[in-house]
Structures are given as C-alpha cells and as structure tokens.
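**Q**
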Amino acid sequence: MHSKTIAELGAAMQAGEFSSVELTRHFIERIERLNGDLNALITPTPDQALAEAEAADRVIRSGQAGPLTGIPLVQKDIFCTQGVKTSCGSRMLDSFISPYDATVVERLKQAGTVSLGKANMDEFAMGSSNETSYYGPVRNPWDQNRVPGGSSGGSAAAVAARIAVAGTGTDTGGSIRQPAALCGITGLKPTYGRVSRFGMIAFASSLDQAGPMTRSAEDAAMLLQAMAGFDSRDSTCADQPVPDYSATLNDSLRGLKIGLPREYFDAGLDSAVAASIDGAIGLYKQLGAEVVDISLPNTALAVPTYYVVAPAECSSNLSRFDGVRFGYRCEDPKDLEDLYKRSRGEGFGAEVKRRILIGTYALSAGYYDAYYLKAQKTRHLISDDFKRAFETVDVIMGPTTPTTAFALGEKTDDPVTMYLNDIYTIAANLAGLPGISIPVQPVNGLPVGLQIIGNYFTEGKLLNVAHRLQAETDWHLQTAEGFA
Numbered sequence: 001m002h003s004k005t006i007a008e009l010g011a012a013m014q015a016g017e018f019s020s021v022e023l024t025r026h027f028i029e030r031i032e033r034l035n036g037d038l039n040a041l042i043t044p045t046p047d048q049a050l051a052e053a054e055a056a057d058r059v060i061r062s063g064q065a066g067p068l069t070g071i072p073l074v075q076k077d078i079f080c081t082q083g084v085k086t087s088c089g090s091r092m093l094d095s096f097i098s099p100y101d102a103t104v105v106e107r108l109k110q111a112g113t114v115s116l117g118k119a120n121m122d123e124f125a126m127g128s129s130n131e132t133s134y135y136g137p138v139r140n141p142w143d144q145n146r147v148p149g150g151s152s153g154g155s156a157a158a159v160a161a162r163i164a165v166a167g168t169g170t171d172t173g174g175s176i177r178q179p180a181a182l183c184g185i186t187g188l189k190p191t192y193g194r195v196s197r198f199g200m201i202a203f204a205s206s207l208d209q210a211g212p213m214t215r216s217a218e219d220a221a222m223l224l225q226a227m228a229g230f231d232s233r234d235s236t237c238a239d240q241p242v243p244d245y246s247a248t249l250n251d252s253l254r255g256l257k258i259g260l261p262r263e264y265f266d267a268g269l270d271s272a273v274a275a276s277i278d279g280a281i282g283l284y285k286q287l288g289a290e291v292v293d294i295s296l297p298n299t300a301l302a303v304p305t306y307y308v309v310a311p312a313e314c315s316s317n318l319s320r321f322d323g324v325r326f327g328y329r330c331e332d333p334k335d336l337e338d339l340y341k342r343s344r345g346e347g348f349g350a351e352v353k354r355r356i357l358i359g360t361y362a363l364s365a366g367y368y369d370a371y372y373l374k375a376q377k378t379r380h381l382i383s384d385d386f387k388r389a390f391e392t393v394d395v396i397m398g399p400t401t402p403t404t405a406f407a408l409g410e411k412t413d414d415p416v417t418m419y420l421n422d423i424y425t426i427a428a429n430l431a432g433l434p435g436i437s438i439p440v441q442p443v444n445g446l447p448v449g450l451q452i453i454g455n456y457f458t459e460g461k462l463l464n465v466a467h468r469l470q471a472e473t474d475w476h477l478q479t480a481e482g483f484a
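Residue numbers (UniProt numbering): 1 to 484.
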C-alpha cells in the first residue's frame with residue numbers, strides 16, 4: 001500500500017480494496033518500525049489518526065469522498081495543530097499544546113486527510129540540514145549517515161521512506177525544495193500568498209510559504225488544491241482564484257521556453273549533478289520545449305541579502321518568546337533580567353541565537369540603513385532580474401542544490417558553507433516566486449533535484465512541466481533500499 005500514489009490509494013479505497021483504517025494502520029506500523037532510525041517524526045499521533053481514518057471511511061461509504069479522503073500524511077511541526085504538541089523543533093515550545101488549527105491543517109482536515117503526526121524540522125525552520133532540531137537530527141533514508149536537508153527534512157524523509165503518503169512543509173529560503181531534492185521527492189513552494197500562513201509559526205514573515213511534499217507532481221497538485229486559497233485571517237494571503245491544478249497536468253510542452261541561467265551552472269555546481277540536470281533538460285527538448293540561455297545577474301547577492309532580511313524578521317518574530325508571554329521559562333530566576341536571559345538562552349538553540357543576534361544588529365540604530373534597508377533594495381534588483389527573464393521564457397530551470405546530500409556533521413561548524421547550500425533556491429523566496437524540485441537521475445546512489453521556477457501564480461504550469469517529465473521517467477518512483 002505504501003508504494004501507491006494518492007490517486008491510486010483514493011481509487012483503491014473507493015473500490016473497497018482496503019479501508020482508510022487499514023491503510024492508516026499500515027503506515028502506523030511502518031512509523032513504529034522505521035522512525036526510530038530516521039527520527040523523521042517528533043510526535044506520532046496514532047490514536048488521532050485512527051479516529052480520523054474511521055471518519056474518512058464513513059464518508060467513503062456515503063459516496064461523498066473527495067480525492068484526499070482517507071489519505072495519511074504528516075504535518076511539519078511548525079503548523080499549529082489543535083490538541084497536539086507544536087514544538088517548531090525547539091525546546092522553547094516543547095510543552096506547547098496548540099489550542100487551534102493552522103489554516104493548512106484545517107483545510108487538509110476538511111479535505112478528509114488523516115494526520116499521522118508532526119514531522120521533525122530545524123529549530124524554528126532555521127537550517128539547511130535538519131541538524132538544529134532540539135529533538136536531534138533527521139537521517140536521510142538513502143544514506144542514514146547523511147542529512148535529509150532542511151528545514152522540512154522530517155516531512156521529506158517521511159515521504160521518501162514511505163512512512164507517509166505526503167507531508168506539508170514550509171519554504172523560507174528553500175526549505176521545501178532543498179530537502180525534496182536531497183531525499184528524492186517532489187516539493188513545491190507556491191507563490192508567496194498562495195497558501196495561508198495563519199497558524200504557521202513565523203520565522204521570516206515576508207519569505208515564509210507553506211507547500212506540499214509528495215512523491216509526484218500529480219500528488220502535489222491534489223494536495224495544493226486543498227491547501228491554496230484566500231484566508232481573511234492572513235493579511236498577506238492573496239485573494240486570487242485557485243485553478244484546477246490536476247486539469248492541466250497533461251498539457252503539451254511543445255513551444256515551452258525554458259530559461260537556463262548561466263549563474264546556476266557555475267564552478268560551485270558539482271559536475272555530476274550538472275550532468276544529471278543536463279540529461280533532464282535534454283528530455284524536455286524531446287518533449288518539444290525550447291531552451292534559452294538567460295542571465296540573472298544579481299544571483300550572487302541572493303545569499304547575503306537573505307541573511308540580512310531573514311534574521312532581521314526572525315529577531316522581531318521571536319522576541320515574543322521571553323519566558324513571560326510565550327515559551328519555555330527557566331527555573332528559579334533571580335529577577336526579571338535573569339528570567340529573560342536564561343529563558344531565551346536555555347530555550348533557543350545555537351543557530352536560532354546566531355540569527356537573532358545578526359537580525360537585532362541589522363535592525364539596530366545606526367545600522368538599519370546600512371544593512372536592512374540596503375538588503376531590501378537589493379531584493380528588488382533580484383526580483384527585477386526574474387521579471388525581465390519571464391518576458392522571454394515561460395519557466396526557469398537549474399539545479400536545486402549544488403551537491404547531493406552531505407554527511408551529518410560535515411557543515412555544522414561552518415555556518416557560511418551551510419548557508420551556501422541554498423544558493424539556487426533563495427532568490428525565488430526573495431522575489432516571492434513559485435518553485436518546484438523534482439527528482440532526476442541520481443548520482444552515486446543519491447537523489448538529485450531539478451528546480452523549476454515560474455512566474456507569479458503559475459503553480460499549474462510548474463506542476464504540468466514537472467508531471468510531463470515524470471510521465472516519461474521513473475526517478476520519482478525510486479525508493480531507498482530498505483524502505484520499498
């Protein structure tokens with residue numbers, strides 16, 4: 001059962017081959033057997049899952065089932081989930097039981113999905129390897145001595161290991177696409193504002209966006225259909241109509257213009273990864289697409305710009321966790337100052353502290369104009385690069401990451417090297433554009449991701465382009481040894 005797609009599982013349940021309860025029990029058993037080694041889930045919720053599966057079965061028997069009814073998935077532990085611990089991978093929220101559901105959780109519940117639990121993540125979504133979690137690192141199913149990517153590494157590993165059909169993630173600088181690439185699954189970051197951020201614990205509010213993490217583009221289309229749409233509770237949510245993403249999956253790619261930015265194929269890209277990307281682009285040519293060389297000249301500025309903007313916003317968003325209003329409180333504080341210092345010092349991990357310090361410095365008197373304001377101006381330059389590119393091309397393609405998954409601990413002592421792992425993904429967040437990563441030819445037994453970036457609100461086109469490649473290949477169907 002765990003080898004089937006969402007569409008296949010839905011059809012099988014409606015045909016009476018098995019029930020949602022039987023399917024859910026199958027995944028619960030896999031979680032109990034496999035999660036100990038992977039550490040993909042922080043909080044499994046088997047009892048809740050079985051109750052939701054029973055409700056889904058009643059809907060199926062009534063003939064009112066939708067395409068997601070009875071489908072078991074995991075929620076990244078950044079989404080508030082009523083009655084369930086929502087930790088954000090941090091000691092700061094280790095005891096927080098959410099009193100309400102995030103919009104993403106709410107909408108997927110309404111669609112009839114079954115939640116298997118909360119997925120591990122980098123603390124407050126700050127990280128590129130899923131090694132900053134208070135609950136320990138997640139391990140990549142393809143090689144458990146390697147990272148799964150971050151910050152949505154728990155969801156990526158769960159889907160790759162087939163202990164969940166799908167997962168939710170959030171993408172602030174590549175945190176859906178990068179782990180999707182390193183774990184060999186499909187990960188979609190929608191346009192900023194396409195999916196509500198209500199109930200999603202904020203890291204960097206102008207960059208964060210929720211999206212689906214699945215085996216295939218077809219599955220991602222089905223999940224996004226339920227997640228997307230206007231929400232009055234989120235002032236940044238776009239009031240845009242949501243198209244039928246599944247309806248256009250098989251559209252022809254003849255005449256599609258693919259832009260290849262020369263900056264994405266530089267000396268920093270591993271040669272074997274480059275060859276894998278070139279092979280996939282060759283298949284797109286066979287499908288009738290046209291390749292155009294383009295330039296995104298401000299690409300090199302994306303990482304330094306991001307690491308001013310994101311820490312500044314994180315400094316502001318995380319100021320509420322002070323041991324008084326929200327979050328962990330230290331034992332026996334001597335006075336108010338001691339309460340603040342020790343609560344935050346003990347509650348936050350090293351990477352979160354690093355970014356708070358950077359952000360607070362960038363926003364401080366005398367430095368705001370020199371750093372934060374300049375970064376926002378540079379952000380506009382990066383966005384303008386994309387606007388010019390989309391005047392001549394339909395989509396932009398390139399690698400998702402410069403290398404395959406690296407070893408656990410390899411980059412933890414060198415934050416700058418770790419930050420550069422997101423060099424190809426960050427620009428889309430700064431511009432607010434949608435992007436998707438899909439598996440292509442593996443390198444030395446490890447997954448490689450092809451990134452496809454589209455213009456604003458063209459998620460349907462991205463899913464179409466991704467699906468057409470997946471219809472011709474089986475890279476997205478490959479499973480790590482021991483998890484098939």
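Glycine included, each C-beta is placed from N, C-alpha and C at the ideal position.
Measuring alpha carbon to alpha carbon, tell me which of Asp77, Tyr100, Arg107 and Pro399 ends up nearest Asp94.
**A** What you label residue 94 is simply residue 94 of the sequence shown in a count that begins at 1. Of the candidates Asp77, Tyr100, Arg107 and Pro399, the one whose C-alpha sits nearest the C-alpha of Asp94 is Asp77.
**Q** Quick one, are the C-beta atoms of Gln240 and Arg194 less than 9 angstroms apart?
**A** As a first step, residue 240 must be located in the sequence shown, where it is residue number 240. As a first step, residue 194 must be located in the sequence shown, where it is residue number 194. Yes.
**Q** Measure the alpha-carbon distance for Asn145 versus Glu32 and round it to whole angstroms.
**A** By 1-based counting over the sequence shown, the position of residue 145 is 145. By 1-based counting over the sequence shown, the position of residue 32 is 32. Between Asn145 and Glu32, the C-alpha separation is close to 20 angstroms.
**Q** Starting from Gly398, follow the beta strand (DSSP E) in both directions and report where the run begins and ends.
**A** Taking the first residue of the sequence shown as position 1, residue 398 is located at position 398. Element bounds for Gly398: Val395 to Pro399.
**Q** Quick check on Ile97: buried or exposed, where buried means 16 or more other Cβ atoms within 10 Å of its Cβ?
**A** Working through the sequence shown from its first residue, we reach residue 97 at position 97. So Ile97 ends up on the exposed side.
**Q** To the nearest angstrom, report how far apart Phe321 and Gln14 are at their CA atoms.
**A** Translated into the one-based positions of the sequence shown, residue 321 becomes position 321. Translated into the one-based positions of the sequence shown, residue 14 becomes position 14. The straight-line gap from Cα to Cα measures roughly 46 angstroms.
**Q** Identify which residue in Gly149, Ala389 and Arg177 has its Cα closest to the Cα of Leu38.
**A** Along the sequence shown, read from residue 1 onward, the residue named residue 38 stands at position 38. Residue Gly149 is the option with its Cα nearest to Leu38.
**Q** Is the distance from the Cβ of Thr172 to the Cβ of Ala221 below 9 angstroms?
**A** The residue you call residue 172 lines up with position 172 of the sequence shown. The residue you call residue 221 lines up with position 221 of the sequence shown. Contact flag unset, no.
**Q** Should Arg262 go down as buried or exposed, given a rule of 16 or more other Cβ atoms within 10 Å for buried?
**A** Translated into positions along the sequence shown, residue 262 becomes position 262. Exposed is the call here.
**Q** Going by beta carbon distance, what residues of the same chain come within less than 6 angstroms of Lys311, once the five residues before and after it are set aside?
**A** Position 311 of the sequence shown, counted from the first residue, corresponds to residue 311. Going by the sequence as given, residue 311 is Pro instead of Lys. Once the five neighbours on either side are set aside, the close Cβ partners of Pro311 are Arg355, Ile358 and Gly359.
**Q** Rounded to the nearest angstrom, what separates Pro399 and Leu363 at their Cα positions?
**A** Along the sequence shown, one-based indexing puts residue 399 at 399. Along the sequence shown, one-based indexing puts residue 363 at 363. The straight-line gap from Cα to Cα measures roughly 33 angstroms.
**Q** Over what stretch of residues does the alpha helix (DSSP H) that includes Gln178 continue unbroken?
**A** As a working note, residue 178 is residue 178 in the sequence shown. Where Gln178 is concerned, the enclosing alpha helix (DSSP H) stretches over Arg177 to Cys183.
**Q** Of the choices Asp385, Thr168 and Gly89, whose alpha-carbon is the least far from that of Pro297?
**A** Indexing the sequence shown from 1 puts residue 297 at position 297. Among Asp385, Thr168 and Gly89, the Cα nearest to that of Pro297 belongs to Asp385.
**Q** Please state the DSSP three-state secondary structure of Lys377.
**A** Sequence index remark: in the sequence shown, residue 377 carries index 377 (1-based). In this structure, Lys377 counts as helix in the three-state DSSP scheme.
**Q** Indicate whether the contact test is met: 3 or more Cβ pairs, each with one atom in the segment 48–56 and one in the segment 129–141, closer than 8 angstroms.
**A** Contact fails: fewer than three Cβ-Cβ distances are below 8 angstroms.
**Q** In whole angstroms, what separates the C-alpha of Thr440 from that of Thr417?
**A** Sequence index remark: in the sequence shown, residue 440 carries index 440 (1-based). Sequence index remark: in the sequence shown, residue 417 carries index 417 (1-based). Correcting the residue identity first, residue 440 is Val in this sequence and not Thr. C-alpha separation (whole angstroms): 25 angstroms.
**Q** Relative to the C-alpha of Cys237, which candidate in Leu41, Thr214, Pro190 and Ile277 has its C-alpha closest?
**A** Here the question's residue 237 lines up with position 237 in the sequence shown. Residue Pro190 is the option with its Cα nearest to Cys237.
**Q** To the nearest angstrom, report how far apart Leu269 and Asn421 are at their CA atoms.
**A** Reading the sequence shown from its first residue, position 269 is the one you call residue 269. Reading the sequence shown from its first residue, position 421 is the one you call residue 421. Each residue's Cα considered, the two are about 10 angstroms apart.
**Q** Within the chosen definition, does the segment 452–464 reach the segment 273–281 through at least 3 CB pairs nearer than 8 angstroms?
**A** The segment 452–464 vs the segment 273–281: no contact.
**Q** Which of the three DSSP states is assigned to residue 493 in this structure?
**A** Residue numbering for the chain in the displayed model covers 1 to 484; residue 493 lies beyond these limits and cannot be assessed.
**Q** So does the segment 407–415 actually touch the segment 162–176, counting three or more Cβ pairs closer than 8 angstroms?
**A** No, they do not touch.
**Q** What residue does the beta strand (DSSP E) around Met213 start on, and which one ends it?
**A** Reading the sequence shown from its first residue, position 213 is the one you call residue 213. Where Met213 is concerned, the enclosing beta strand (DSSP E) stretches over Ala210 to Thr214.
**Q** What number of angstroms, rounded off, separates the C-alpha of Gly127 from the C-alpha of Leu318?
**A** Residue 127 sits at position 127 when you count from the first residue of the sequence shown. Residue 318 sits at position 318 when you count from the first residue of the sequence shown. In a straight line, the C-alpha of Gly127 is about 16 angstroms away from that of Leu318.
**Q** Given Ile28, which residues of its chain have a CB within under 8 angstroms of its CB, disregarding the five upstream and five downstream residues?
**A** As a working note, residue 28 is residue 28 in the sequence shown. Hits under 8 angstroms: Pro44, Pro46, Ala49, Leu50 and Leu116.
**Q** Do Gln209 and Asn429 have their beta-carbon atoms positioned less than 9 angstroms apart in this structure?
**A** Taking the sequence shown and counting its residues from 1, the one referred to as residue 429 is at position 429. Taking the sequence shown and counting its residues from 1, the one referred to as residue 209 is at position 209. Yes.
**Q** Give the DSSP-derived three-state secondary structure of Gln110 in the structure shown.
**A** Residue mapping note: residue 110 aligns to position 110 of the sequence shown, counting from 1. Note: Gln110 maps to helix in three-state DSSP.
**Q** If you compare alpha carbons, which of Ser152, Tyr192 and Met200 is closest to Ile185?
**A** Translated into positions along the sequence shown, residue 185 becomes position 185. Ranking the options by Cα distance to Ile185, first place goes to Ser152.
**Q** So Glu218 packs on His380, CB below 8 angstroms; how close in whole Å?
**A** Counting from one through the sequence shown, the residue named residue 218 turns up at place 218. Counting from one through the sequence shown, the residue named residue 380 turns up at place 380. Not really, about 36 angstroms apart at Cβ, beyond 8 angstroms.
**Q** Measure how close the beta-carbons of Met92 and Gly347 come, nearest whole angstrom, since I'm counting them as under 8 angstroms.
**A** For this step, residue 92 is matched to residue 92 along the sequence shown. For this step, residue 347 is matched to residue 347 along the sequence shown. Yes, they are in contact, since the Cβ atoms of Met92 and Gly347 sit about 4 angstroms apart, within 8 angstroms.
**Q** Return the first residue and the last residue of the alpha helix (DSSP H) that Gly279 is part of.
**A** Locating residue 279 in the sequence shown gives position 279, counting from the first residue. Run containing Gly279: Ser271 to Gln286, per the alpha helix (DSSP H) assignment.
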